[in-house]
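In my numbering, the protein residues as written are 616 to 868.
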């Protein structure tokens, strides 16, 4: 284990990234535990307020992210200062992305259905950073041989093509496949070849007069959502807590 850590993390300079990821995940877990206890009315936890203003944890998160980001840049990626800044950055990012839905909607939707976007963003970020730690990175490769250096132009061309596949997947409404496809080429290719989701820019542009393709897209999306929506919701409820039921609409006077 120690040899693997030295060879794959410390030697390539990925220790700050590992520390930031660990701090990010731990901060999210601790924050969700605390917010659930506050929601359940458990002492000694409670909301932080300044007078009548509720201070959301995205506020200290932004401050810590700024401090950690600038500290990491100033530290040059080595030494205790950079490692400490990476941890501060990870903590700040965890607090910010835990309230990603609030930033997106500019409304306190933490325990609503829209608040699920925060959990999705945290999971997606952790997965992408984990892939970078495992070596799925198109740039920054060390110890290249002479032949590999000569083939760098070909590698960059392949990266550009893969990015194009990711853009196609994104236009087809395959957001997760597009994001992961930026790092893993095969995923981007699969996402670009699959049928577009209904309502996506690709479907609106190319399925407008192709009634058969549009019907097939609707049917496939229906079966996919029916199969995976319930397990996905259960996982999100387990990670982030079950959202509040929607409030009944007030009757018009």
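Where a beta carbon is used, it is the ideal one built from N, C-alpha and C, also for glycine. Predicted model, so just to flag it, every value in this text is computed and none were measured.
Within the segment 693-749, the complete alpha helix (DSSP H) runs of at least 4 residues fall at 694-712, 715-720 and 731-748.
Counting only the Cα atoms, residue 844 lies some 25 Å from residue 745. C-alpha of residue 741 to C-alpha of residue 665: approximately 32 Å in a straight line.
The straight-line gap separating the alpha-carbon atoms of residue 788 and residue 678 is approximately 34 Å. If only uninterrupted alpha helix (DSSP H) runs of at least 4 residues are considered, those enclosed by the segment 773-828 are 790-796, 800-808 and 816-821. The beta-carbon distance between residue 818 and residue 812, rounded to whole angstroms, is 7 Å. This is short enough to meet the 8 Å contact definition.
At least 8 Å separates the beta-carbon of residue 699 from that of residue 684.
Taking C-beta atoms as the reference points, residue 650 and residue 709 fail to come closer than 8 Å.
By a beta-carbon distance limit of 8 Å, residue 717 contacts residue 724. Their separation comes to about 6 Å. Rounded to whole angstroms, residue 676 and residue 831 show a C-alpha spacing of 44 Å. Proximity of the segment 729-738 to the segment 847-857 meets the contact definition, three or more beta-carbon pairs being nearer than 8 Å. Bounds of the alpha helix (DSSP H) holding residue 631 are 630-654. Between residue 828 and residue 806, the gap from beta carbon to beta carbon reaches 8 Å or more.
Short of 8 Å from the beta carbon of residue 859, and not among the five residues preceding or following it, lie these beta carbons of its own chain, in chain order: 726 and 727. Residue range 673-690 is occupied by the alpha helix (DSSP H) that includes residue 675. Straight-line spacing of the CA atoms in residue 623 and residue 825 works out to 50 Å. Counting every other CB atom within 10 Å of its CB across the protein chains shown gives residue 720 a total below 16, marking it as exposed. Its chain contains 673, 676, 677 and 680 as the residues whose beta carbon lies nearer than 7 Å to that of residue 711, once the 5 sequence neighbours on both sides are disregarded; these appear in chain order. Our two residues, residue 637 and residue 823, have alpha carbons roughly 46 Å apart in a direct line.
For residue 748 against residue 629, the beta-carbon gap comes to about 6 Å, under 8 Å, which counts as contact. Residue 639 and residue 778 have their C-alpha atoms spaced approximately 27 Å apart.
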